[in-house]
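Protein sequences appear in the order of chains A and B.
Residue numbers for the first sequence follow the numbering used here, beginning at 1 and rising by one.
Residue numbers for the second sequence follow the numbering used here, beginning at 1001 and rising by one.
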Amino acid sequence: MSGPDGTGPGRGTPPGDPATPPIFLERRSYRRRRVRDAARLLPVLGLLGWTVPLLWPLGAAAPQVSSALVYLFVVWAVLVAAGAALSVLLARGEVEEDRDRAARRAP
Amino acid sequence: MTTLNALIAVCLVYVLFLFAIAFVAERRARLGHVRWLRSPVVYTLSLSIYCTAWTFYGAVGSAARSGLEYLAIYLGPSIVMIGWWWVVRKLVRIGRAQRVTSIADLVSARYGKSNLIAIGVTVLAVVGTTPYIALQLQSVTLSFEVFASADGGIELNPAVNPDNTTAFWVAVGLSLFTVVFGTRNLDANERHHGVVMAIAVEAVVKLVALLSVGIFVVWGISGGLGETLARIDASGLGQWQVDRGRWAGIVILSAAAFLCLPRIFQVLVVEAGDESQLRTASWAFPGYLMLMSLFVVPIAVVGLDLLPEGANPDLFVLTVPLSEGQNGLAALSFLGGFSSATSMVIVAAIALSTMVSNHIVMPIWLRLTGGGASVSGDVRHVVLTARRASIAGVVMLGYLYYSLSGGGSALSAIGLVSFAGVAQVLPALLGGIFWRGATRSGAVAGLSLGFSVWLYTLFLPSIGGGGVLSDAVLAAGPGGIAWLRPQALFGIAGMDPLLHALFWSLALNATAFLVVSLSSFPGPIERLQGAQFVNVFQHAPGPRSWAGGAAQVEDLMIMAQRLLGAPESQALFRREARRQGLRGDLPEPTPTFLEALERELAGSVGAATAHAMVGQIVGGMSVSVEDLMAVADESAQLMEYSARLETQSAELSRTARQLREANRKLTRLSVQKDAFLSQISHELRTPMTSIRAFSEIMRDAGTLAPEEQVRFASIIHDEAVRLTRLLDDLLDLSVLENGQVSLNRRPGSVGEVLDRAVAAAGAGTAGRLDIVRDPTREEVVVDTDLDRLSQVFINLISNAAKYCDAAEPRLEISVSVDGAQVVVDFVDNGSGIAPEARDTIFEKFSRVAEHKAGGAGLGLAICRQIMTRLGGSIGYLPGRRGAAFRVELAHAARLAAQ
């Protein structure tokens, strides 16, 4: 009778065991990397948005300055908002990373 | 005069307020309360020195003149900050890791701490910034003029005050402020908390001022957002009329300038704290820029509407509220413009003075004083003085430029010209932090070419004809060479001058930088720095506690330990300390000691590197000790590795030697085996040949005489017997050699064995050989395989019978007991065996004389094998007249006794 106390499944590694990192770790670090990718991508999008005026016609068919102004500032505002959101995500990722590193260092 | 007096009072109070703020910030910083001072908000606000008076006043003017083009100047920096993860993050990290003090310092440190590059970038920065400072002084002066003339009735396009007193006193005040708060500490890498705080406050003031004017214009004058937009469309700016090339060019130019402007670099990199500040600034600074440019167009449009034709649009921010009677708002707006101008001048002066004093004044001073800078106190004093003088010098240079140029309209174009100048650093900067192959020569080539092209195509023409470049040169090119016209290089005319200059200067700059970098080879320090810069994220940031002086020797010690090993370097340092008469283990870093240490290190890493390492620790500031540690670690690892390799190679050569030995042995054995095989085949072939020959004769010759038949048959028979005997011998030998023989031991007397042997051998030789024996001495009992022993005896007797060449062959067999051994000697009366053949007679197939071919030459070999098996021996006995063999084997009785 070695079932309940000896080799039963209940005696597996406890959840906090450092030898076996939780399976969600990989997923989290994957997320962090993608957030960084987004941070790299954002200026490219901004540049795209702000080169659109190069396509506008000049002369009589040119758009009104007021709509041009609104367009440019909307792009700007969206960039700032996206940048702010990304910076929050990046900061969170960094905190997580520090925690993971600390956890690895002090088993 | 009341308004002006009130304004001056407000201005003074404001300046005092800034002094107070800077003072309090410094105080709190010294007490350790830096948390708030280092908040991301303060950092973001300090970046706002990008928005100078040129922004505050000039943006509206630019919008009034050329529509939305002004926006491009703020889009570039926004993209750079939004994309901070690409470049700015790396710059800040490098700035922190390398203790960078200015952009000239960063570029020169990257290219092997080249002073030439540092001087070049410094000159470029001064040339690019001085007109910009002049621009700030002009704007302050102009805004004062607006109020001065407002007292006597609104004059909307004031003439420049000819005596420039306002500009002068502003310059003096700014110099004073900057000297007091910008040079408190020697370490330029340390934060100027007071200055940064004051800058941040000024940033808030200018934003609030511009927003207030904007809100007043939109909701106070125009009556709402929708009405404002309608008013914009109805105005002269109504339609989108932006030159596409300029739009793209200015976005790129402003982005480049944002990274390269000395003052921006000062707050962005040098004063930066950690990454969290940067993270916030990455979106907050674009937000700030957006707010700053939000109301520019409405103000411009309303100004154009309200104010009479010919009013200076650069001053709409002031004149619009004034014309509406909003004196308070105008004063606030004035403070905003004042803040923009002063903050720019202060930071630019700090940045430039650091560069000038570090890269121009100090090297000259050190050379003049003959390098007597080993006492730390006097250098400190010199550096501070140099920096203060440089601040005053830079600001005064701006003032000089302003008063000389007369503050004309040429100044308003200077902003973008200045941008294009400092942008020449960009290729060397980006190449330096992303490409390890960038070299000093490449950077020098790119910078000088770009700078020259910029000077020729943009800066000098911007001063206007009649300056350095005459109108004739502008129109027809130098000496009439048309393709060298400053504004139409290579004959491409009709381009916008700014775009033209930007394109050619940056294109030629980058090309020269890349081509020369590719074709030149970097020096050791350069390569080290290149690796440190490009791979900055692979090095842990580490604490930056090293601060020269007392720590030097310890740092040297740590470095030496990593290169020489702990006990050796400790001994070296202790020895030196004793020699200097010191009690501790650390000597003073005297030149003698440093030379000795350098020599010691040179043994490990080579002279050049050792020199650089010691030099950097003792005298240099831009290569950090941690980096040297990294190199030292690397070298130590290399040395350890090579030591391990050496051991391995020694082991390998040992093994190779053993292998060679084994190979030689194998080859010898193989030769022996070949010889043996050829012998065997020869021995087998001889009888076979005769058997074949005689059997063929008998078969083919139809009739043979019976006696002939008998003779041939007997020959065949004899040969077959000989063959059989040979095969028996071979078999016997192989059995003996393999140790598979089973001995049939039993006791018996030597005499009996000899009797049997003589009988057996005598069968063929009866009568010919006379055998002499002494039977009484033969009664010695041995315990052995008697059959095998008799085989040996038979062999020896028949050999004697066969080979003894005496006329009356005689064999004497004598038996004696020598200690535990029974000795049997066989001595004949022949001529014996030649000395040179004695060594080989016991080998297989060795025969003393070919002509007496009687056997296969295996007999003695078999004898030796048998004797070895029986535990005895057989050998040739030299010194007798004839052939003599001695057989020795153990005495049975003695055996029993034991």
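Think of the CB as a built atom: it goes at the ideal place given N, C-alpha and C, for glycine as much as any other residue.
For clarity, every value in this text was computed on a predicted model and none was experimentally measured.
- Contact between B/Gly1450 and B/Leu1506 is confirmed by a C-beta separation of about 7 angstroms, below the 8 angstroms threshold.
- At least 8 angstroms separates the CB of A/Ala102 from every CB of chain B.
- Straight across, the Cα-Cα distance linking B/Gly1872 with B/Cys1863 is about 11 angstroms.
- Straight-line spacing of the CA atoms in B/Arg1644 and B/Arg1527 works out to 27 angstroms.
- Within the stretch 54-69 of chain A, Leu54, Trp56, Leu58, Ala62, Pro63, Gln64, Val65, Ser66, Ala68, Leu69 place their CB atoms closer than 7 angstroms to a CB of chain B, listed in sequence order.
- With a cutoff of 8 angstroms on beta-carbon distance, B/Ser1323 and B/Leu1304 are scored as not near each other.
- Counted as a single uninterrupted DSSP element, the alpha helix (DSSP H) harbouring B/Ile1073 occupies residues 1069-1082.
- In this structure, B/Met1081 is the residue among B/Met1688, B/Met1081, B/Ala1386, B/Arg1654 with its C-alpha nearest to the C-alpha of B/Phe1265.
- Sorting B/Arg1880, B/Leu1294, B/Ser1108, B/Gln1821 by C-alpha distance to the C-alpha of B/Val1444 places B/Ser1108 at the top.
- Among the residues of chain A, those whose CB is under 7 angstroms from the CB of B/Val1242 are Pro53, following chain order.
- Interface residue (Cβ-Cβ distance to chain B less than 8 angstroms): A/Val95 is not classified as such.
- With fewer than 16 other Cβ atoms inside 10 Å of its own Cβ, B/Glu1696 counts as exposed.
- Residue range 1786-1803 is occupied by the alpha helix (DSSP H) that includes B/Tyr1803.
- Under the three-state reduction of DSSP, B/Ala1705 is assigned to coil, being neither helix nor strand.
- If you draw a straight line from the Cα of B/Asn1358 to the Cα of B/Ile1221, it is about 52 angstroms long.
- For B/Tyr1288, the three-state secondary structure derived from DSSP is helix.
- The beta carbon of A/Ser87 falls within 8 angstroms of a beta carbon belonging to chain B, placing the residue at that interface.
- For A/Arg36, the residues of chain B that pass the 8 angstroms Cβ criterion are Trp1085, in the order they occur in the chain.
- In this structure, B/Ser1078 sits near B/Pro1286, with a CB-CB distance shorter than 8 angstroms.
- DSSP places B/Phe1842 outside both helix and strand once states are collapsed to three, so it counts as coil.
- Neighbourhood of B/Ser1282 in chain A, by CB distance below 7 angstroms: Gly83, Ser87, in chain order.
- Sorting B/Pro1775, B/Val1741, B/Leu1730, B/Val1735 by C-alpha distance to the C-alpha of B/Gly1751 places B/Pro1775 at the top.
- Identification of chain A residues near B/Met1290 by a Cβ-Cβ cut-off of 8 angstroms yields Phe73, Trp76, Ala77, Val80, ordered along the chain.
- Spatial neighbours of B/Trp1240 in its own chain (CB-CB distance under 8 angstroms, excluding positions within 5 residues in sequence) are listed in chain order as Gly1067, Leu1068.
- Residue state for B/Gly1748 is assigned as strand, using DSSP reduced to three classes.
- By the neighbour-count definition (other C-beta atoms within 10 Å, threshold 16), B/Glu1309 is an exposed residue.
- Around the beta-carbon of B/Arg1583, fewer than 16 other beta-carbon atoms lie within 10 Å, marking it exposed.
- B/Val1534 and B/Leu1091 have their alpha carbons spaced roughly 10 angstroms apart.
- Using a CB distance cut-off of 8 angstroms, A/Leu47 counts as an interface residue toward chain B.
- The count of Cβ pairs closer than 8 angstroms, one atom from the stretch 1669-1682 of chain B and one from the stretch 1712-1721 of chain B, stays below three, leaving the stretches out of contact.
- Inclusion of B/Ser1102 and B/Met1396 in the CB contact set at 8 angstroms is not warranted, their separation being larger than that value.
- Restricting attention to alpha helix (DSSP H) runs no shorter than 4 residues, the stretch 1221-1265 of chain B encloses them at 1225-1234, 1244-1260, 1262-1265, ordered along the chain.
- It is roughly 27 angstroms from the alpha-carbon of B/Ser1814 to the alpha-carbon of B/Lys1844.
- For the options A/Arg33, A/Arg101, A/Arg99, A/Tyr71, the alpha carbon positioned closest to that of A/Leu48 is the one of A/Tyr71.
- With three or more CB-CB distances shorter than 8 angstroms, the stretch 1190-1203 of chain B counts as touching the stretch 1011-1028 of chain B.
- In the three-state DSSP reduction, B/Ala1890 falls in the strand class (E or B).
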